[in-house]
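A.B. asks: Position in the sequence shown (first residue = 1) + 32 = this note's numbering. First, the structure itself, so that you have it in front of you.
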Amino acid sequence: MKTDDLLDPTNDDLNKSENVENENMEIDDVNATKKMEETSEIENSTKIEEKKEKCCRFNFEKN
């Protein structure tokens, strides 16, 4: 291998680097989607709990 080869990346090296970047972006997208789903689930469960509390309070006050 020549010194010039070490300084000048080949197309294979660039392609590998680009593939790694794309994989990292896909992983970031998946992680962001999971986080959004988790947040949505938490919000939904919180809303359900709030509705249960209101319902229980209403029934208690009614009686």
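Glycine is no exception: its CB is placed at the ideal position from the N, C-alpha and C atoms. Bear in mind the structure is a predicted one, so any value in this text is a computation, not a measurement.
(1) Nearest-angstrom Cα distance between Lys-79 and Lys-48?
(2) May I have the straight-line CA-CA distance separating Cys-29 from Val-52, to the nearest angstrom?
(3) Taking just the CA atoms, how far does Phe-92 sit from Asp-60?
C.D. replies: This is what the structure gives:
(1) Against the sequence shown, residue 79 aligns to sequence position 47. Against the sequence shown, residue 48 aligns to sequence position 16. Near 46 Å, if we compare the C-alpha coordinates of Lys-48 and Lys-79.
(2) Lying outside 33 to 95, the shown extent of the chain, residue 29 is not represented and no answer is given.
(3) Sequence index remark: in the sequence shown, residue 60 carries index 28 (1-based). Sequence index remark: in the sequence shown, residue 92 carries index 60 (1-based). One alpha carbon belongs to Asp-60, the other to Phe-92, and they sit about 47 Å apart.
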